[in-house]
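Asks: First to last, the sequence lines map onto chains R and P.
In this text, residue positions in the first sequence follow full-length UniProt numbering: the first is 1, and each later residue adds one.
In this text, residue positions in the second sequence follow full-length UniProt numbering: the first is 1, and each later residue adds one.
Structure incoming, see below.
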Amino acid sequence: MSALQHLQADTYHVVHLPEPDDFEFWREQARTLVQCDVPPDRIAWVEPGGNGDLFAAAPAAESERGMPVPPADARLVRANKRFVTLARNAILHSDPERFALLYRLLWRLQANGRIMEDKADPDVRRVEELAKNVRRDSHKMHAFVRFRLVEDEDGEGGEHYVAWFEPDHHILRANAGFFMRRFANMRWSILTPRGSLHWDGTTMSEGPPAERSDAPEGDPTEDLWRSYYASIFNPARLKIGAMLKEMPKKYWKNMPEAALIPELVAGAQNREAQMVDKGKSLFADGLEDRPDTLAAIDKAIHACRKCPIGQLDNHAVMGEGPDDAALMIVGEQPGDQEDQAGRPFVGPAGQLLDVHLEKAGIDRRGAYVTNTVKHFKYVQRGKRRLHQNPGAKEIDTCRWWIESERAIVQPKLVLAMGASAARGMLGKTVSITKARGRPIPLEDGSELWVTAHPSYLLRLDGPAREEQARLFDADLAAVRTRLAELAAP
Amino acid sequence: MATQTVLQKLEILADAAKYDASCASSGTAKRTSMGGKGIGSTEGMGICHAYAPDGRCISLLKILLTNHCVFDCHYCVNRKSSNVARARFTPQEVVDLTLSFYRRNYIEGLFLSSGIVKNSNHTMEQLVEVARILREEHDFRGYIHLKTIPEADAEIVHQAGLYADRVSINVELPTDSGLTRLAPDKDARQIEGAMGRVKSDISELKDARKRFKHAPRFAPAGQSTQMIVGADAATDADIVGKASRLYDNFRLRRVYYSAFSPIPDASAVLPLKRPPLIREHRLYQSDWLMRFYGYKPVEVMQATEADGNLPLDIDPKLAWALKFREQFPVDVNRATKEQLLRVPGLGVKAVGKILASRRHRNLRLDDVARLTLSVTKVRPFICTVDWRPVMLTDRADLRSLLAPKTEQLELFTA
Chain R
1 MSALQHLQAD
11 TYHVVHLPEP
21 DDFEFWREQA
31 RTLVQCDVPP
41 DRIAWVEPGG
51 NGDLFAAAPA
61 AESERGMPVP
71 PADARLVRAN
81 KRFVTLARNA
91 ILHSDPERFA
101 LLYRLLWRLQ
111 ANGRIMEDKA
121 DPDVRRVEEL
131 AKNVRRDSHK
141 MHAFVRFRLV
151 EDEDGEGGEH
161 YVAWFEPDHH
171 ILRANAGFFM
181 RRFANMRWSI
191 LTPRGSLHWD
201 GTTMSEGPPA
211 ERSDAPEGDP
221 TEDLWRSYYA
231 SIFNPARLKI
241 GAMLKEMPKK
251 YWKNMPEAAL
261 IPELVAGAQN
271 REAQMVDKGK
281 SLFADGLEDR
291 PDTLAAIDKA
301 IHACRKCPIG
311 QLDNHAVMGE
321 GPDDAALMIV
331 GEQPGDQEDQ
341 AGRPFVGPAG
351 QLLDVHLEKA
361 GIDRRGAYVT
371 NTVKHFKYVQ
381 RGKRRLHQNP
391 GAKEIDTCRW
401 WIESERAIVQ
411 PKLVLAMGAS
421 AARGMLGKTV
431 SITKARGRPI
441 PLEDGSELWV
451 TAHPSYLLRL
461 DGPAREEQAR
471 LFDADLAAVR
481 TRLAELAAP
Chain P
1 MATQTVLQKL
11 EILADAAKYD
21 ASCASSGTAK
31 RTSMGGKGIG
41 STEGMGICHA
51 YAPDGRCISL
61 LKILLTNHCV
71 FDCHYCVNRK
81 SSNVARARFT
91 PQEVVDLTLS
101 FYRRNYIEGL
111 FLSSGIVKNS
121 NHTMEQLVEV
131 ARILREEHDF
141 RGYIHLKTIP
151 EADAEIVHQA
161 GLYADRVSIN
171 VELPTDSGLT
181 RLAPDKDARQ
191 IEGAMGRVKS
201 DISELKDARK
211 RFKHAPRFAP
221 AGQSTQMIVG
231 ADAATDADIV
241 GKASRLYDNF
251 RLRRVYYSAF
261 SPIPDASAVL
271 PLKRPPLIRE
281 HRLYQSDWLM
291 RFYGYKPVEV
301 MQATEADGNL
311 PLDIDPKLAW
321 ALKFREQFPV
331 DVNRATKEQL
341 LRVPGLGVKA
351 VGKILASRRH
361 RNLRLDDVAR
371 LTLSVTKVRP
381 FICTVDWRPV
391 MLTDRADLRS
401 LLAPKTEQLE
411 LFTA
């Protein structure tokens, strides 16, 4: 028997598939037809409910023949693994042409065993495309099925999880295993317009097509899930295209969280603007870039209202000294007298500092003297303004200015006096006792020395004061020695 | 303060976790819940159960156990000196949330991280406790990713690896000086030390499993890390160099990049503007070039511009090709796989298809067009039987011809 004879006989074979996803049945029929040499254009494949059935309406036509019987010496039908893998998936596609396409490829495979490797062949490409669509649909089913909990009415009292899903292709049965393996010890049902699946913890059963109204309406846990979805979304990065590519709108109607998307998107730009504004309020307006002269810093700090200290009735106090000083001395913040004089370290603590500097042989006029926090923080008690320590957040806010000053002066050595100054330099709170007496490298290559604030000495009496004064002098002497070393070529 | 509901805590602690980039749930040991008492399976491929409008996949329940923290890292919204609302879950609450989300098929599992409360060991013990309850009391077989705390004792971190599929330790910033400046409580040596220990635990127990069937698994999905991009002055070249050293030294599965986002209540030492999102994308592309396309780190660095950063308007592969034009055009019918992988516009899959098809026919430009997404992008760099890019490869304005047109994406147009 040859293909030619069939053509002359002008006969068609009509194959009715029992199920739209029945690969094994298709495989049996296709094998027989190939063995009987029936060319692709002589076969009509009809799936249940399919409208591709041209012959159903025709009277049991002469043109229609039952399945031929292969001759005894029929050759073996060849199909490689790649073809079978692809065909198993492609047959689940909703395209009515898929059976004919697969048969045509199987037919051509008999003549050319390596055709599957030819990725530029239109039939191969189409089958790959179908299989890919089906794999994607399955993957999206694994991802987007949403179970809802229903308490059983039939007295068993167990929990039953029910989902409604609308797949594009005939993938339900093929994916039963995935959900069984994942939710083995749970009672669940998946309802779709193409059929339904039920698992009771031990056996799987199939049911007829369902409607959306058969599935439960909601589940209290969805509130938690929606709030998670809204919170995990970062409004500073809106990438709607990326979301739509992976989660097309057609899936949204069955996903409880998707209802939030429009408002999240609409709110996103606002939320980001708010976040940036909130951050921006830390800085003087229009000062996102670092000021590059000391005069510019001086001007800017007077306008700075970015922390509560700047809102008090006080004046900013700028550092003073040569703009190329090798030594930068940093205190905490201006006091009452500094605030009035507009200069750093002129009050009692400043006078004490001068005494000790002189003793150590350090010329204050050669150093750049400044404060970590630029404004005086105080509480009003009657006519007096009482000094208050700045908070960590206020120090961090003001760090911007001291860093700008350092960037311009570029000192070789920074002496931080007191815990606030040390925090302003290091960004973390350190213990003076542990940190003093040794250099701490800073990222720009300079080094930091930490010591107590002279006002600490002012608050002590007797032996304690003597002891602290001795330590303070020792620190200053060490700084002096180190400066000399650094100055040496 | 009034007691917070689980819903309120979830809002705070999910919000606090969103700056972690990783959401991967793939590449772990295969498991199912068949024959067990609980639920959960991992079948190799990760599953993204939803996508947020920021384009990121939601695969895991990604939350912090608490956002209270004794550390003061400036880029972090949860740092000690920040004013954010604080909350704290009990381990049992996290377990219940994970299971009820998993049963409804919202997630693949849990990604748990935490601020440091009391001390590092206490915090790490709490994280491990969540994983223990899930695995031992509920026989949960889904995916668990635990963030580990480098300062915690090695023994507790080891426990984490026995329950989790993946463990990760963030290097946080690409340079040590950036870390010192922005994360003063952290220490680069400590972080790398912890990564080194995880690496040796993974390989030791992998080795043990070859010999003893019942040897425990240790973090079968490996370890990963995350770097923040744009919070310090590190260039793309610095970042690529750091990433490749991390891959080499610690056999990481992934290095994640997180573009620094302006965070509420930011610290003043940080830049206010976010780096362009595309920068993060270009870094991921360069990561791909090194992992799947056979580029060496130094070659990716060659693609950077004078400022040490990758160009933003074109991808790093195209940037490299434009710099080394003498390597092109490549003959698709004769070139090696390595050469084909260098052609801008040809991906790993397309190259595979070209190699398979050219055994059957001499490829023409039409054939190549069928195997790739855009032949216009590929054309200047290849020869086929019927095509040679005579003038095109040498044109000075090639870059502008090939740079993608910018386009505004609209969500609510039909």
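Ideal placement from N, C-alpha and C gives every residue a C-beta, glycine not left out.
Please read all numbers here as calculations on a predicted model, not as lab measurements.
Taking 9 Å as the cut-off, decide whether the C-beta atoms of ARG166/P and GLN223/P are in contact.
Replies: Translated into the one-based positions of the second sequence, residue 166/P becomes position 166. Translated into the one-based positions of the second sequence, residue 223/P becomes position 223. Cβ distance < 9 Å, so ARG166/P and GLN223/P count as in contact.
Asks: Only counting the same chain, and skipping five residues up and downstream in sequence, which positions put a Cβ closer than 6 Å to that of SER138/R?
Replies: Counted from its first residue, the first sequence places residue 138/R at position 138. Counting only Cβ-Cβ distances below 6 Å, and skipping sequence neighbours, we find ILE171, ASN175.
Asks: Quick one: Cα of GLN340/R to Cα of HIS315/R, how far?
Replies: Reading the first sequence from its first residue, position 340 is the one you call residue 340/R. Reading the first sequence from its first residue, position 315 is the one you call residue 315/R. Rounded to whole angstroms, GLN340/R to HIS315/R spans 8 Å at the Cα level.
Asks: Using the beta-carbon count (16 or more within 10 Å), is PHE412/P buried or exposed?
Replies: Here residue 412/P refers to the residue found at position 412 of the second sequence. Below a pLDDT of 50, predicted positions are generally treated as unreliable, and PHE412/P, at 45, falls in that range; no measurement from the model is reported.
Asks: Considering only the alpha carbon of each residue, which of VAL409/R, GLN380/R, LYS377/R, LYS383/R lies closest to ILE329/R?
Replies: Indexing the first sequence from 1 puts residue 329/R at position 329. Nearest of VAL409/R, GLN380/R, LYS377/R, LYS383/R to ILE329/R, Cα basis: VAL409/R.
Asks: In angstroms, rounded to a whole number, what distance separates the CA positions of THR192/R and LEU277/P?
Replies: Here residue 192/R refers to the residue found at position 192 of the first sequence. Here residue 277/P refers to the residue found at position 277 of the second sequence. Between THR192/R and LEU277/P, the C-alpha separation is close to 39 Å.
Asks: So, is the C-beta of CYS309/R closer than 9 Å to a C-beta in chain P?
Replies: The sequence position of residue 309/R within the first sequence is 309, counting from 1. It should be noted that the sequence gives Ile, not Cys, for residue 309/R. No, ILE309/R does not count as interfacial toward chain P.
Asks: At which residues does the alpha helix (DSSP H) containing GLU11/P begin and terminate?
Replies: Position 11 of the second sequence, counting from 1, holds the residue named residue 11/P. Residues 6 to 15.
Asks: Just verifying my parser: in three-state terms, what is the DSSP assignment at residue 530/R?
Replies: Past the edges of chain R, shown from 1 to 489, lies residue 530/R, and the structure says nothing about it.
Asks: Nearest-angstrom Cα distance between ILE156/P and ASN121/P?
Replies: For this step, residue 156/P is matched to residue 156 along the second sequence. For this step, residue 121/P is matched to residue 121 along the second sequence. One C-alpha to the other measures close to 7 Å.
Asks: Could you tell me whether any Cβ in chain R is nearer than 9 Å to the Cβ of residue 415/P?
Replies: Chain P is shown from 1 up to 414; residue 415/P falls before or after that span and cannot be answered.
Asks: What does DSSP give as the partner residue(s) for PHE111/P in the beta ladder?
Replies: In the second sequence, counting from the first residue as 1, residue 111/P sits at position 111. DSSP output for PHE111/P lists LYS62/P, HIS145/P as bridge partner(s).
Asks: Exposed or buried, what is ASN371/R when buried is set at 16 or more other beta-carbons lying within 10 Å of its beta-carbon?
Replies: Numbered from 1 along the first sequence, position 371 holds the residue referred to as residue 371/R. With 16 or more other Cβ atoms within 10 Å, it is buried.
Asks: For VAL6/P, decide whether its Cβ has a neighbour in chain R, counting only Cβ atoms nearer than 9 Å.
Replies: Locating residue 6/P in the second sequence gives position 6, where the first residue counts as 1. Closer than 9 Å to some Cβ of chain R, the Cβ of VAL6/P qualifies, so yes.
Asks: Among VAL450/R, LYS249/R, PRO322/R, ARG406/R, which has the Cα closest to the Cα of ARG365/R?
Replies: Taking the first residue of the first sequence as 1, we reach residue 365/R at position 365. Nearest of VAL450/R, LYS249/R, PRO322/R, ARG406/R to ARG365/R, Cα basis: PRO322/R.
Asks: Please list the terminal residues of the continuous alpha helix (DSSP H) segment that includes ARG89/R.
Replies: Here residue 89/R refers to the residue found at position 89 of the first sequence. Note on identity: in this sequence residue 89/R is Asn, with Arg being the wrong assignment. It spans 81 to 90 - the alpha helix (DSSP H) in which ASN89/R sits, taken as one unbroken run.
Asks: Determine the extent of the alpha helix (DSSP H) in which HIS142/R is found, giving its start and end residues.
Replies: Within the first sequence, numbered from 1, the residue matching residue 142/R stands at position 142. It spans 122 to 144 - the alpha helix (DSSP H) in which HIS142/R sits, taken as one unbroken run.
Asks: Can you name the start and end residues of the beta strand (DSSP E) that ARG459/R belongs to?
Replies: By 1-based counting over the first sequence, the position of residue 459/R is 459. No beta strand (DSSP E) contains ARG459/R, which DSSP labels as neither H nor E.
Asks: Against chain R, which members of the stretch 35 to 52 of chain P pass a CB distance test of less than 8 Å?
Replies: If the cut-off is 8 Å between Cβ atoms, the stretch 35 to 52 of chain P has GLY35, GLY36, LYS37, GLY38, ILE39, GLY40, SER41, GLU43, MET45, ILE47, CYS48, HIS49, ALA50, TYR51, ALA52 near chain R.
Asks: Do three or more CB pairs link the stretch 30 to 41 of chain P to the stretch 231 to 251 of chain R at distances below 8 Å?
Replies: These segments do not touch.
Asks: For SER224/P, list the residues DSSP reports as bridge partners.
Replies: The sequence position of residue 224/P within the second sequence is 224, counting from 1. Note: SER224/P sits in a beta bridge opposite SER168/P, ARG254/P.
Asks: Is it the case that the Cβ atoms of GLU403/R and CYS57/P are separated by a distance below 9 Å?
Replies: Position 403 of the first sequence, counting from 1, holds the residue named residue 403/R. Position 57 of the second sequence, counting from 1, holds the residue named residue 57/P. Their beta carbons are not under 9 Å apart, which means GLU403/R does not touch CYS57/P by this criterion.
Asks: Would you list the residues sitting across from GLN380/R in a DSSP beta bridge?
Replies: Residue mapping note: residue 380/R aligns to position 380 of the first sequence, counting from 1. According to DSSP, GLN380/R bridges with ARG385/R.
Asks: Check each residue of the stretch 83 to 94 of chain R: if its Cβ is closer than 7 Å to any Cβ of chain P, include it; give the result in chain order.
Replies: Cβ contacts with chain P come from no residue of the stretch 83 to 94 of chain R.
Asks: Strictly under 9 Å for the Cβ-Cβ distance: is TYR163/P near chain R by that measure?
Replies: Numbered from its first residue, the second sequence carries residue 163/P at position 163. Cβ-Cβ to chain R under 9 Å: no for TYR163/P.
Asks: Whole angstroms is fine: what's the gap from VAL150/R's alpha carbon to ILE39/P's?
Replies: Here residue 150/R refers to the residue found at position 150 of the first sequence. Here residue 39/P refers to the residue found at position 39 of the second sequence. C-alpha separation (whole angstroms): 18 Å.
Asks: Look at the alpha carbon of ARG482/R and the alpha carbon of GLN190/P, and state the distance between them as a whole number of angstroms.
Replies: Taking the first residue of the first sequence as 1, we reach residue 482/R at position 482. Taking the first residue of the second sequence as 1, we reach residue 190/P at position 190. Between ARG482/R and GLN190/P, the C-alpha separation is close to 30 Å.
Asks: Chain R partners of ARG370/P, CB-CB under 9 Å?
Replies: The residue labelled residue 370/P in the question sits at position 370 within the second sequence. LYS119, ALA120, PRO122, ARG125, listed in chain order.
Asks: Would you mind sorting VAL170/P into buried or exposed? The rule is 16 or more other CB atoms within 10 Å of its CB.
Replies: As a first step, residue 170/P is located in the second sequence; it is residue number 170 there, counting from the start. Looking at the sequence provided, one finds Asn at residue 170/P rather than Val. Classification for ASN170/P: buried.
Asks: From the DSSP secondary-structure annotation, give me the bridge partner or partners of THR192/R.
Replies: Within the first sequence, the letter at position 192 stands for residue 192/R. According to DSSP, THR192/R bridges with GLY195/R.
Asks: Please classify GLY207/R: does DSSP put it in a helix, a strand, or coil?
Replies: Stepping through the first sequence from its first residue, residue 207/R is reached at position 207. In this structure, GLY207/R counts as strand in the three-state DSSP scheme.
Asks: For PRO40/R, name the three-state secondary structure that DSSP assigns.
Replies: As a working note, residue 40/R is residue 40 in the first sequence. Of the three classes helix, strand and coil, the one that applies to PRO40/R here is helix, per DSSP.
Asks: Provide the residue span of the beta strand (DSSP E) that contains HIS16/R, from first to last.
Replies: For the purposes of this step, residue 16/R is taken as the residue at position 16 of the first sequence. Run containing HIS16/R: 12 to 16, per the beta strand (DSSP E) assignment.
Asks: Which class does ASP200/R belong to by DSSP, given the choice of helix, strand or coil?
Replies: The residue you call residue 200/R lines up with position 200 of the first sequence. Correct three-state label for ASP200/R: coil.
Asks: I want to verify the contact list: residues of chain R whose CB lies under 7 Å from the CB of PHE101/P, in sequence order.
Replies: For the purposes of this step, residue 101/P is identified with residue 101 of the second sequence, where counting begins at 1. Within chain R, the residues near PHE101/P are TRP225.
Asks: Check the Cβ of LYS147/P against every Cβ in chain R and list those closer than 7 Å, keeping chain order.
Replies: Taking the second sequence and counting its residues from 1, one reaches residue 147/P at position 147. Here the premise fails: no neighbours, minimum Cβ distance about 15 Å.
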